[in-house]
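**Student:** Going by my numbering, the sequence shown opens with residue 409, and the numbers climb by one from there. Ideal placement from N, C-alpha and C gives every residue a C-beta, glycine not left out. Quick one: this structure, given as structure tokens, is what I'll be asking you about.
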Amino acid sequence: MHSIAEDLARQPEPGFVPADRVQRLGTETVFAVSAEAAALASRGRTVYPFHLGDLNIPTADHIVEAMDRAIRDGRTTYCPNAGIAPLREALAADVSAARCVTYAADEVSVQPGGKPVIGKFLMAAMNAGDEVLYPNPGFPIYSSFVEFLGGVAVPYGYLDAGDRYAIDIDAIERRITPRTRILILNDLHNPTAGECTAEELERIAELALRHDLLVLSDEAYFDVRFEGASRSIVSLPGMQERTVILYTFSKKYAMTGWRLGAAIGPRPLVDIITQLNVNLESCPNHFAQYGALEALTGDQAGPREMMARLKGRRDAALRILNATPGVRCHTPESTFYLYPDVTDAVRLTGCAGHEDFRRLLLDATGVSFCTRLHFGKALPGENRYHLRLAYSGVSTAQIEEGLGAFKAFIETTEPAGS
Ligand code: PMP
């Protein structure tokens, strides 16, 4: 006979066993770079934070005041699951006007950020085993969530088109199979800042129509642009019916921490997304939506001034990067990212690859940035090195000082006589 204590001692260690699907869940490794930079700063080093697409520009006062008023007016209860009616109406009007289409308020489901649209869209539209085309390099949550839900994430790349990065549309075409169900598009692209020409967008739309694909159009940076006008695939014939737009307040209005965005698209799909709101969070934050409403309908000086500041930063960064040996960078008209090709600088510094270069430069200069590898695994045949520099969270003075040190460091390692 064994004692109860002996029997218990023989039981396997009680412990948490994660669900099988967790094996397939990815993450955003950008946040690990932030933590590394913070650790370096806590040891007293000056760090120049180019790693995160967050803004060091505060939300405009009138937006904050609208939220303050709402909380004092008692908007502290639950609200409709798809968000407050005036915000849905204002979003429908704003997005329709900017894209030359017509959305009704009931085609808008307000979300706690733009990011949740990715998971909820996939939960609503993708079955296990469906193939989903997604950009790589690209926002890492696409493939993470596709695979988490049992789909097959199929990457397509970007090509250096001389003065910009362009989607490899031939790769999209080649990778479409009878199982392909969804195309994820992030025109005005994180991390390359690439954007489609009108003709390229038409070609992508034609593929979506021919192969009956649903499209998730991640338009997080639609309104973050310096010159010209953004285009959306929903403006092309037949596309509004098969596309869900990911909209966010995060970037345009410097509201990353507010967590407000929207899914905008065909009613049957958006209704399911709202049902997912019911299941996951009931409704978006009630009083914060009054701030978002003020952002959309109030004074637009904030975004204008922000873009002017960002343009100054972009130009300062480009001047230094393009004067650095082994570095070449395009001049994008949208997003707040730069995606320099540093292949020759990596070789010049004797580094073995992306991560080696990142660590060396962080350690030597305090300049903290992400590399191509934070945006997906390199595709077969890819043989160049790229960094992603976000200039949304650094001042022009920090850019000049930090990237000045970056340039000086690479210059000093330049082989003699070259
Ligand atoms: N899509 C892209 C391409 C992004 O870069 C981001 C944020 N970095 C998001 C979506 C999500 O942003 P948010 O959840 O803050 O709206």
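1) Leaving out the 5 sequence neighbours to the left and right, which residues in its chain are closer than 6 Å to Thr467 when beta-carbon positions are compared?
2) Span of the beta strand (DSSP E) holding Glu539?
3) How big is the Cα-Cα spacing for Val425 and Lys785?
4) Applying the 10 Å Cβ sphere with the 16-neighbour rule, what's the burial state of Glu433?
5) Have a look at the DSSP bridge pairing and note the partners of Arg633.
6) Could you give the C-beta distance for Leu495 and Gln697, rounded to a whole number, given that I count them as a contact under 8 Å?
7) May I have a chain-ordered list of the alpha helix (DSSP H) segments no shorter than 4 residues that lie completely inside the region 696-733?
8) Would you say the beta carbon of Asn835 is closer than 7 Å to some non-hydrogen atom of ligand 1?
9) DSSP three-state label for Ala824, please.
10) Relative to the C-alpha of Leu530, which candidate in Leu622, Glu608 and Gly491 has its C-alpha closest?
11) Suppose the cutoff is 6 Å on Cβ atoms and the five residues either side in sequence are ignored; what does the same chain contact list for Leu567 look like?
12) Report whether the distance from the Cβ of Lys528 to the nearest heavy atom of ligand 1 is below 7 Å.
13) Could you pull the start and end residues of the beta strand (DSSP E) that Thr656 belongs to?
14) Compute every distance between the C-beta of Ala703 and the non-hydrogen atoms of ligand 1, then say whether any falls below 7 Å.
15) So, for Leu460: in the same chain, excluding its five sequence neighbours on each side, which residues have a beta-carbon less than 7 Å away from its beta-carbon?
16) His794 by DSSP, collapsed to three states: which one?
17) Please work out which residues of its chain come closer than 6 Å, Cβ to Cβ, to Thr773, disregarding the five sequence neighbours upstream and downstream, and give them in chain order.
18) Report the residue from Thr743, Arg582 and Asn594 whose alpha carbon sits nearest the alpha carbon of Phe634.
19) Closer than 7 Å to a non-hydrogen atom of ligand 1 - does that hold for the CB of Asn544?
20) Can you grab the Cα-Cα spacing for the pair Ala760 / Pro676, in whole Å?
21) I'd like to confirm something about Phe817: is its beta-carbon nearer than 7 Å to some heavy atom of ligand 1, or not?
22) Looking at C-beta atoms only, is the number of pairs between the region 505-514 and the region 734-753 that lie closer than 8 Å three or more?
23) His782: which of Phe556, Pro548 and Leu624 sits nearest, CA to CA?
24) Use the C-beta contact count for Ala824: other C-beta atoms within 10 angstroms, 16 or more gives buried, fewer gives exposed.
25) Cβ atoms of Cys487 and His619: under 8 Å apart, would you say?
26) Please report the distance separating the alpha-carbon of Tyr629 from that of Gly423.
27) Just to check my reading of the structure: Asp538 and Gly559 have Cβ atoms closer than 8 Å, yes? What is that Cβ distance to the nearest angstrom?
28) Mind checking whether the beta-carbon of Gly350 lies closer than 7 Å to any heavy atom of ligand 1?
29) For Pro788, count neighbouring C-beta atoms within 10 Å of its own C-beta (all shown protein chains included) and say buried if the count is 16 or more, exposed if not.
30) When you compare each of Ala616, Met647, Asn598 and Glu610 to Val632 by their alpha carbons, which one comes out closest?
31) Mapping DSSP to helix, strand and coil, what is Ala662?
32) Starting from the C-beta of Ile492, find all residues in its chain whose C-beta is less than 8 Å away, skip the five residues before and the five after it, and write them out in chain order.
33) Taking just the CA atoms, how far does Thr732 sit from Lys528?
34) Measure the Cβ-Cβ separation of Pro457 and Ala440 and say whether it is below 8 Å.
35) Strictly by DSSP, which residues pair up with Gly669?
36) For the candidate residues Leu756, Tyr745, Ala670 and Leu770, whose alpha-carbon lies nearest to that of Lys719?
**Tutor:** Checking against the coordinates, here is how it stands:
1) Taking the first residue of the sequence shown as position 1, residue 467 is located at position 59. Closer than 6 Å at the Cβ level, and outside the excluded window around Thr467, lie Ala662 and Met663.
2) Walking along the sequence shown from the start, residue 539 turns up at place 131. Segment Glu539 to Pro543, the beta strand (DSSP E) holding Glu539.
3) The residue given as residue 425 occupies position 17 in the sequence shown. The residue given as residue 785 occupies position 377 in the sequence shown. Roughly 28 Å between the two C-alpha positions.
4) Translated into positions along the sequence shown, residue 433 becomes position 25. The identity of residue 433 in the sequence shown is Leu, whereas the question assumes Glu. Under this definition Leu433 is an exposed residue.
5) On the sequence shown, position 225 is the one that residue 633 refers to. The partner list for Arg633 (beta bridge, DSSP) reads Ser742.
6) The residue you call residue 495 lines up with position 87 of the sequence shown. The residue you call residue 697 lines up with position 289 of the sequence shown. Leu495 to Gln697, Cβ: 5 Å. Contact.
7) 696-705 and 709-729
8) Absent from the structure is residue 835, since the part of the chain shown begins at 409 and ends at 826.
9) Along the sequence shown, read from residue 1 onward, the residue named residue 824 stands at position 416. Here Ala824 scores only 41 on pLDDT, less than 50, and its place in the model should not be relied on; the value that follows carries that caveat. Reduced to three states, the DSSP call for Ala824 is coil.
10) Taking the sequence shown and counting its residues from 1, the one referred to as residue 530 is at position 122. Closest by alpha carbon: Leu622.
11) Locating residue 567 in the sequence shown gives position 159, counting from the first residue. Excluding residues within five positions, the ones whose Cβ falls inside 6 Å are Ala574 and Asp576.
12) Within the sequence shown, numbered from 1, the residue matching residue 528 stands at position 120. No.
13) Counting from one through the sequence shown, the residue named residue 656 turns up at place 248. Thr651 to Thr656 is the span of the beta strand (DSSP E), which, as asked, contains Thr656.
14) Looking up residue 703 in the sequence shown gives position 295. Outside the cutoff, so no.
15) Here the question's residue 460 lines up with position 52 in the sequence shown. Taken in chain order, the residues that qualify are Val438, Ser442, Ala798 and Gly801.
16) Numbered from its first residue, the sequence shown carries residue 794 at position 386. Of the three classes helix, strand and coil, the one that applies to His794 here is strand, per DSSP.
17) For this step, residue 773 is matched to residue 365 along the sequence shown. Counting only Cβ-Cβ distances below 6 Å, and skipping sequence neighbours, we find Ala813, Phe814 and Phe817.
18) By one-based count along the sequence shown, residue 634 stands at place 226. Nearest of Thr743, Arg582 and Asn594 to Phe634, Cα basis: Thr743.
19) Taking the first residue of the sequence shown as position 1, residue 544 is located at position 136. No.
20) As a working mapping, residue 760 is identified with position 352 in the sequence shown. As a working mapping, residue 676 is identified with position 268 in the sequence shown. If I take the Cα positions, the gap works out to 50 Å.
21) Sequence index remark: in the sequence shown, residue 817 carries index 409 (1-based). Answer for Phe817: no, Cβ out of range of ligand 1.
22) no
23) Counted from its first residue, the sequence shown places residue 782 at position 374. Nearest C-alpha to His782: Pro548.
24) As a working mapping, residue 824 is identified with position 416 in the sequence shown. Bear in mind that the predicted position of Ala824 carries a pLDDT of just 41, short of 50, making it unreliable; the figure below should be weighed with that in mind. It is exposed - the Cβ of Ala824 has fewer than 16 other Cβ atoms within 10 Å.
25) Position 211 of the sequence shown, counted from the start, is the residue given in the question as residue 619. Position 79 of the sequence shown, counted from the start, is the residue given in the question as residue 487. Against a cut-off of 8 Å, the Cβ pair of Cys487 and His619 comes out as no contact.
26) By one-based count along the sequence shown, residue 629 stands at place 221. By one-based count along the sequence shown, residue 423 stands at place 15. Each residue's Cα considered, the two are about 43 Å apart.
27) One-based indexing of the sequence shown puts residue 538 at position 130. One-based indexing of the sequence shown puts residue 559 at position 151. So it is a contact: roughly 5 Å between Cβ atoms.
28) Here the chain has residues from 409 to 826 only, and residue 350 is not among them.
29) Reading the sequence shown from its first residue, position 380 is the one you call residue 788. Exposed, by the Cβ-count rule.
30) The sequence position of residue 632 within the sequence shown is 224, counting from 1. The option with the nearest alpha carbon to Val632 is Asn598.
31) Position 254 of the sequence shown, counted from the first residue, corresponds to residue 662. Three-state DSSP puts Ala662 in coil, outside helix and strand.
32) One-based indexing of the sequence shown puts residue 492 at position 84. The answer, listed in chain order, is Val518, His694, Gln697, Tyr698 and Leu701.
33) As a first step, residue 528 is located in the sequence shown; it is residue number 120 there, counting from the start. As a first step, residue 732 is located in the sequence shown; it is residue number 324 there, counting from the start. Rounded to the nearest angstrom, the two C-alpha atoms are 43 Å apart.
34) Here residue 457 corresponds to residue number 49 of the sequence shown, with the count starting at 1. Here residue 440 corresponds to residue number 32 of the sequence shown, with the count starting at 1. No. Outside cutoff.
35) Within the sequence shown, residue 669 is the residue found at index 261, counting from 1. Looking at the DSSP assignment, Gly669 forms a beta bridge with Gln519 and Thr656.
36) By one-based count along the sequence shown, residue 719 stands at place 311. When each option's Cα is compared against that of Lys719, the closest is Tyr745.
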